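**Student:** The structure follows.
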Amino acid sequence: MKVRTRFAPSPTGYLHIGSVRTALYAWLYARHHGGEYFLRIEDTDRERSTQEAVDAIIHGLDWLGLTADAPPIFQTQRFDRYREIIDRLLASGHAYRCYCTREELDAMRAEAQARGEKPRYDGRCRAGGRERADVAPTVRFKTPLEGETVVDDLVKGRIVFDNAELDDLVIARSDGTPTYNFTVVVDDMDMRITHVIRGDDHVNNTPRQINIFRALGAEPPAYAHLPMIHGPDGTKLSKRHGAVNVLEYRQMGYLPSAMLNYLARLGWSHGDQEIFTLDELIRLFDLDRVSRSAASFDPMKLLWVNQQHILRTPTAELVPLLAEQLERRGLDPADGPPLERTVEALRERSQTMAEMAERAHCYYQEFEAFDEKAAEKHLVPAAREVLEALKAALAAVPDWSEKPLEDAVAGVAERLGLKLGKVAQPLRVAVTGQAASPGIGTTLVLVGRERTLARIDRALGRIAG
Ligand code: GLU
């Protein structure tokens, strides 16, 4: 049997990182078992579904590389099929038309509540004979009255539901549109899904779905319900805890590989290993190591994982990400040193690609202002002589590369009888505006000859007041 999984988001907002984890587990499970993974857009709720949300889902999954093995399936394109199956269930006696009015249903609910019971449909239309011309009927599924429905959940273990607890759910509204639990079954059946991997907010839907599968003479898939993700305060992860829209993480300069690594570990483990390549995740992931308890989202750990991935990712792969971040800041990546150089100089100091771009700003554009603290400390009158000597020495360096530039700076220090720091630090502040940057030779290479000489003048101007 070939494993077939799916991710079935409802397009009602941005793509939440919790949903991404669900998609990732379904994707990894399929890849690990040499199976296939599909995307299904559950857009039957036309009021809440938007094209923008569909785009955000596709864009987000694309960014992360969670590719599907076929184009996405849209539920709104399958209404004919749903109608066909509803007719089939009616014909086989597994479903019936319900003519109860809203008032009747409300009264039924009130009575159950008055008795202290869970509100449930009492099955009064089940036997038929209640047809009336003035009511457009719904269609209800005939849930078995007795027995149990067992879910052998691949994460949670065995869960037993009493069929008597499940009432006859509506599968088609009075306007003929199908309902959620029903469309899921028809789709999972038609897509020949073998493993449904989804959030555990769907656990209570599962026995209903299994019963519909059986009524259709189809074998239900295996189910794996994933525990929730909590924020650091133990409540369900939401915007209050920070960014939850996956595309915001792209903007913040997180690497797709780091997001996948972190989200994989959020509820799954392999010993105490923290850093995984995607190939390792595919090789190692399985459902038996998924935790049964809620996972806790830790933004500081995600940041650390991101930094680890920046350190391990080949320069050539980071270059386009840096370019994207520079452009986002209105900078021209071509108006400065080759991006490879910048990546190599800054990767050890950057936790995100956004931070790298921030640090790189002064290599691609004039910086606006000196960091005041750094300037007050280093661009003092005594630095004038130093900067003038540096300007002359650097202007005379024939080959604008690290070693000769470092030698020139060291030469100035020696001539003036100063420690290297006393010379390099004013120079650093002069050419970057900041007190911290890579080694002085590297920094000068990144800033470039023309900008270096002009910025020394700018710093001298400031000292002159
Ligand atoms: N559309 C459902 C959701 O977004 C998922 C249904 C499922 O995975 O079965 O929660």
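Residue numbering for the sequence shown follows my numbering, beginning at 307 and increasing consecutively.
In this text, a Cβ means the ideal position worked out from N, Cα and C, and glycines have one as well.
Predicted model, so just to flag it, every value in this text is computed and none were measured.
Pick helix, strand or coil for residue 676, following the three-state DSSP scheme.
**Tutor:** Position 370 of the sequence shown, counted from the first residue, corresponds to residue 676. Residue state, collapsed to three classes: coil.
**Student:** Excluding five sequence neighbours on each side, which residues of the same chain lie with their C-beta closer than 6 Å to the C-beta of residue 731?
**Tutor:** Sequence index remark: in the sequence shown, residue 731 carries index 425 (1-based). Result list for residue 731: 684, in chain order.
**Student:** Compute the distance between the beta-carbons of residue 561 and residue 616, then report whether it is under 9 Å.
**Tutor:** The sequence position of residue 561 within the sequence shown is 255, counting from 1. The sequence position of residue 616 within the sequence shown is 310, counting from 1. In contact: residue 561 and residue 616 (Cβ atoms closer than 9 Å).
**Student:** Starting from the C-beta of residue 426, find all residues in its chain whose C-beta is less than 7 Å away, skip the five residues before and the five after it, and write them out in chain order.
**Tutor:** Numbered from its first residue, the sequence shown carries residue 426 at position 120. Contacts found: 418, 473.
**Student:** Does at least one heavy atom of the ligand GLU sit under 8 Å from the Cβ of residue 505?
**Tutor:** If you number the sequence shown from 1, residue 505 lands on position 199. Yes, the Cβ of residue 505 comes within 8 Å of a heavy atom of the ligand GLU.
**Student:** DSSP three-state label for residue 734, please.
**Tutor:** Position 428 of the sequence shown holds residue 734. Helix at residue 734.
**Student:** For the alpha helix (DSSP H) holding residue 770, just list the boundary residues, first then last.
**Tutor:** Within the sequence shown, residue 770 is the residue found at index 464, counting from 1. Note, residue 770: alpha helix (DSSP H), 755-770.
**Student:** For residue 355 versus residue 325, is the C-beta distance shorter than 9 Å?
**Tutor:** The residue given as residue 355 occupies position 49 in the sequence shown. The residue given as residue 325 occupies position 19 in the sequence shown. No, the pair does not count as a contact, with Cβ atoms beyond the cut-off.
**Student:** Kindly indicate which residue of 357, 552, 572 has the alpha-carbon position closest to the one of residue 600.
**Tutor:** Here residue 600 refers to the residue found at position 294 of the sequence shown. Checking every option, the nearest Cα to that of residue 600 belongs to 572.
**Student:** If you count every other CB in all the chains shown that lies within 10 Å of the CB of residue 395, and 16 or more means buried, which is it?
**Tutor:** Counted from its first residue, the sequence shown places residue 395 at position 89. Answer is buried; the Cβ neighbour count reaches 16.
**Student:** From the DSSP secondary-structure annotation, give me the bridge partner or partners of residue 379.
**Tutor:** Along the sequence shown, one-based indexing puts residue 379 at 73. 346, per the DSSP bridge assignment.
**Student:** Chain B beta carbons: is any one of them nearer than 9 Å to that of residue 667?
**Tutor:** You won't find chain B in this structure, because it holds only one protein chain.
**Student:** Using only alpha-carbon positions, find the residue among 393, 628, 321, 672 that is nearest to residue 658.
**Tutor:** The count along the sequence shown starts at 1 and reaches residue 658 at position 352. Selected option, being the one with the closest Cα: 628.
**Student:** Let me know if residue 606 comes out buried or exposed under the rule of 16 or more other beta-carbons within 10 Å of its beta-carbon.
**Tutor:** Walking along the sequence shown from the start, residue 606 turns up at place 300. With fewer than 16 other Cβ atoms within 10 Å, it is exposed.
**Student:** Pick helix, strand or coil for residue 747, following the three-state DSSP scheme.
**Tutor:** Locating residue 747 in the sequence shown gives position 441, counting from the first residue. Of the three classes helix, strand and coil, the one that applies to residue 747 here is helix, per DSSP.
**Student:** Whole angstroms is fine: what's the gap from residue 504's alpha carbon to residue 674's?
**Tutor:** Here residue 504 corresponds to residue number 198 of the sequence shown, with the count starting at 1. Here residue 674 corresponds to residue number 368 of the sequence shown, with the count starting at 1. Whole-angstrom Cα-Cα distance: 49 Å.
**Student:** For residue 697, count neighbouring Cβ atoms within 10 angstroms of its own Cβ and tell me buried if that reaches 16, exposed if not.
**Tutor:** Walking along the sequence shown from the start, residue 697 turns up at place 391. Under this definition residue 697 is a buried residue.
**Student:** Please report how far the alpha carbon of residue 470 lies from the alpha carbon of residue 464, in whole angstroms.
**Tutor:** Here residue 470 corresponds to residue number 164 of the sequence shown, with the count starting at 1. Here residue 464 corresponds to residue number 158 of the sequence shown, with the count starting at 1. Using only the alpha carbons, I get a separation of about 18 Å.
**Student:** In terms of residues, what are the limits of the beta strand (DSSP E) holding residue 529?
**Tutor:** On the sequence shown, position 223 is the one that residue 529 refers to. Run containing residue 529: 528-532, per the beta strand (DSSP E) assignment.
**Student:** Going by the C-beta, is residue 348 closer than 8 Å to any heavy atom of the ligand GLU?
**Tutor:** In the sequence shown, the residue the question calls residue 348 occupies position 42. Checking the Cβ of residue 348 against the ligand GLU gives yes.
**Student:** Determine contact between the segment 492-499 and the segment 405-422, defined as no fewer than three beta-carbon pairs at a distance below 8 Å.
**Tutor:** The segment 492-499 vs the segment 405-422: no contact.
**Student:** Do residue 729 and residue 761 have their C-beta atoms closer together than 9 Å?
**Tutor:** Along the sequence shown, one-based indexing puts residue 729 at 423. Along the sequence shown, one-based indexing puts residue 761 at 455. No. Outside cutoff.
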